[in-house]
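Read in the numbering used here, the sequence shown has 387 at position 396, and its numbers run on one by one without any break.
Beta carbons are placed, not taken as given, at the ideal position from N, Cα and C, and that holds for glycine.
Remember, it's a predicted structure, so these values are computed and weren't measured experimentally.
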Amino acid sequence: MPGVENWAEKPLNIIQNIIDHLPSGSNEISGVKDYFSKKLQGEEALEWIPSINSRALHQVAADSVVRYRCMVQDMFDPELYLARFKVTSRKNGESAFRSGRYRDVASCAPDEEIHMDDPGNVTCERQTLYCVPVPGEATWVKDLYTKQSRIPSTPSTSSSPACRKRARDDETGDGDVHRGSNGSECAASNGHAGPRGGAAGTGGNPAPSGIAGGGGGASQLPDLNFPLPGEQGTACLVKVYEEDNGLKVNDVIEVVGILSVDPSMADFTNDQNEQDVTMTAAERAAHTPPPSLVPRLHAVLIRKLAHNNPLLPHNLSAKHQAIETIRSEAATLRTQLLSVLEHALCGDGLAAEFLLCHLVSNVYSWADVMPLGKLAVNLSGPVTQGMAPLLQQLIAGLSTQSHLLPISLNKMNSLCLSPHKDYEANRLRSGQLQLSPGTHLVLDETALENGQLQPQGVKNVTALGNVIQWQKVTYDFNFHTQDFITDLPVLVLSEGESFLPKDLHLPLRPTSVPEDLQTHYAGMSAQMTEEVLNKLRAFITVCRSTQYAVNEDIQKALQEEFVTARKDDPSAMSVNDFHRLLSLVRLLTLSHCQAECTPQILNRVLEMERERRSRTHAPPAAPAN
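Here is the structure:
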């Protein structure tokens, strides 16, 4: 690792040295952040830091600097910890103060003793975030991030049964640092929860029997609380030291921090301390899971990710060769992408163009409670039967995050799509609608059968409607509910017009219907090289991030279109129709990777809308063969 000193492998020693040399009264957190910010300037420097997204925990040294790409799933209550504690040498009786920041266990050398009750000790608060791998993250995104690492890596097995059963004794910390004579006291002293239910850190809080594996019975695996079924990866408890960090639930972040997997954090299975009196077994299981499964990560740097595309730089507004290349090839890439989408939609060119607008859509602003920029599309027709999983796979191959949700009666009546508060465990239970901004949600309404929606089913359908129409997810806190805004482009496939809200409905008009849709899609995928795919992936991200500027001439032309349409028939264009027209003008402009609409783009939008409206008012046409 070129230019890297001991700071990556032994960061706690460096941090102690930084704090020791800071002037009295200085902000220690800022001093540490400044140091690591200088060391990790630029994307290339970050690539030399191992990522626990792609490496198993046993492949990474404890107490070393690592990276973690994740979504904030829950925010626990603040946690108290010893920011400074006194140690005394048993050899010569000399005393000194040590920093307890960025660690879970107050540690000292073998010949030193920790004074837990010294009046010079300083107790501070830190925030604990429960973070999970980005839900619905595409395989190609994971693979590219892994390939970009400068450190040879093997695929992560952190969620495999073999890794989960690995003994905690394998987790070793710094070889030259030891806990005090009373290990449990040291552990308890540097991380205990605030009133009722913060993350306990080391806290001395025992994991419940059977969870930590410290008892004689068979161990049970804790619930990692991933929003989507079948997700794999490493969940983390991220300890945040900056007070005004601006983080919130569902943010996608990249954390650079110090990995803590000290086994003592889950060893206290039979010995409760006074902090545990207020914690139930379920709460201890949620807040102090075994670090071999849910490691602790002490953040020194955190950055919010505006996008999750490894093919492009973090800052898309800056000048960069990759972005300039995409913009220069935009016309060709758009044509290629439309060709792919048209093939996927069985030759329907109009549907392909609307789907492209959908792929580049995002909520860019809010007018009171109205989200601006979204485009929820409903594609309907007999050909959609069996298309949703294949189309979602295509979208997953082009976008960074996506999820397929079949709208079956059984799922609607049994699932809990919206997150809800579990007060026994004092945690937020995730649901399939707890997704990060920009996640494409594909709803397969063709899976719906006849039957009765139960109360839970009605709740779920209402939740889906709120996401589509208002871009909000209502979290259930039992005694009250709270709306969280989101940005989830929604695509609904149905045989007839969907019963769910939508921004536009388009009956498909395939030019031909393949005998086997799966073979049809497989043939299309085989023709796309990785180079072409990567360019299309980057193209979609660049289009979505382009800053659209309102052209006054275009705005005037749209207003004239509105007046003209309503002149003879006031019902010909409603206010909602006009808002959809404004959105389509913006999105079709972005699909050309342009910031301003042109008369040609405006005319194309008007043509698309006229043709779409003619389809919705016409009987279904027989497909051409």
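Across the set Leu73, Gly84, Glu128, Val566, the C-alpha of Leu73 shows the shortest separation from the C-alpha of threonine 114.
Taking the Cα positions, serine 427 is about 45 angstroms away from aspartate 559. Each residue's CA atom was taken as its position, placing methionine 62 and lysine 239 some 10 angstroms apart. Short of 6 angstroms from the beta carbon of glutamine 460, and not among the five residues preceding or following it, lie these beta carbons of its own chain, in chain order: Pro492.
By the neighbour-count definition (other C-beta atoms within 10 Å, threshold 16), histidine 12 is an exposed residue. Taking each of Asn300, Asn83, Arg294, Leu395 in turn and checking the Cα distance to glycine 221, the smallest one comes out for Leu395. Between the alpha carbons of arginine 60 and proline 590 lies a gap of roughly 42 angstroms. Contact annotation: the region 88 to 96 does not touch the region 477 to 489, with fewer than three C-beta pairs closer than 8 angstroms. If you draw a straight line from the Cα of proline 213 to the Cα of methionine 66, it is about 18 angstroms long. Separation of the CB atoms of cysteine 534 and cysteine 588 is rounded to 14 angstroms, and the pair is thereby denied contact status at 8 angstroms. The region 511 to 526 makes no contact with the region 461 to 470, as fewer than three CB pairs between them are under 8 angstroms. The shortest CA-to-CA distance from arginine 418 to any of Lys295, Leu284, Glu245, Ala273 is the one to Ala273. Of the candidates Ser605, Glu233, Val566, the residue whose Cα lies closest to the Cα of valine 554 is Val566. Three or more beta-carbon pairs drawn from the region 246 to 255 and the region 51 to 59 are found closer than 8 angstroms, and the two stretches are therefore classed as touching. Straight through space, the alpha carbons of serine 399 and alanine 379 are spaced by roughly 13 angstroms.
If you draw a straight line from the Cα of valine 132 to the Cα of asparagine 299, it is about 8 angstroms long. Restricting attention to Ser371, Leu370, Ser352, Asn369, the CA atom closest to the CA of proline 362 is found in Ser352. In the DSSP assignment, threonine 472 forms a beta bridge with Asp467. Between arginine 117 and valine 243 a beta carbon distance of about 21 angstroms is seen, past the 8 angstroms cut, so the two are scored as non-contacting. At the C-beta level, serine 409 and glycine 388 stay beyond 9 angstroms of one another. Distance check between threonine 279 and each of Glu234, Ala358, Leu120 places Leu120 closest, using alpha-carbon atoms only. Serine 283 is classed as buried because its beta carbon has at least 16 other beta carbons within 10 Å across all chains shown. Each residue's CA atom was taken as its position, placing glutamine 447 and leucine 597 some 41 angstroms apart.
Setting aside the 5 residues that flank it on each side, threonine 79 is surrounded in the same chain by Ser86, Glu104, each with a C-beta closer than 6 angstroms to its C-beta; the list follows chain order.
Under the DSSP definition of a beta bridge, phenylalanine 76 partners with Arg89. By the C-beta criterion, the region 539 to 556 is judged not to be in contact with the region 370 to 378, since fewer than 3 inter-stretch pairs fall below 8 angstroms. Ranked by how close their Cα comes to the Cα of arginine 420, the residues Gly127, Gln64, His49, Arg275 have Gln64 in first place. Leucine 341 and valine 354 have their alpha carbons spaced roughly 23 angstroms apart. The C-alpha of glutamate 415 lies about 55 angstroms from the C-alpha of glutamate 320. Annotated as proximal: leucine 579 and methionine 599, with beta-carbon spacing under 9 angstroms.
Look at the region 352 to 399 and you find these whole runs of alpha helix (DSSP H), each 4 residues long or longer: 379 to 389.
Per the DSSP secondary-structure output, alanine 129 pairs with nothing in a beta bridge. In the displayed model, glycine 237 falls within coil according to three-state DSSP, outside both helix and strand.
For glycine 22, there is no enclosing beta strand (DSSP E); the enclosing alpha helix (DSSP H) covers residues 19 to 30. Selection Cys122, Ile592, Lys402, Asp68 evaluated against methionine 270 yields Asp68 as nearest (Cα-Cα).
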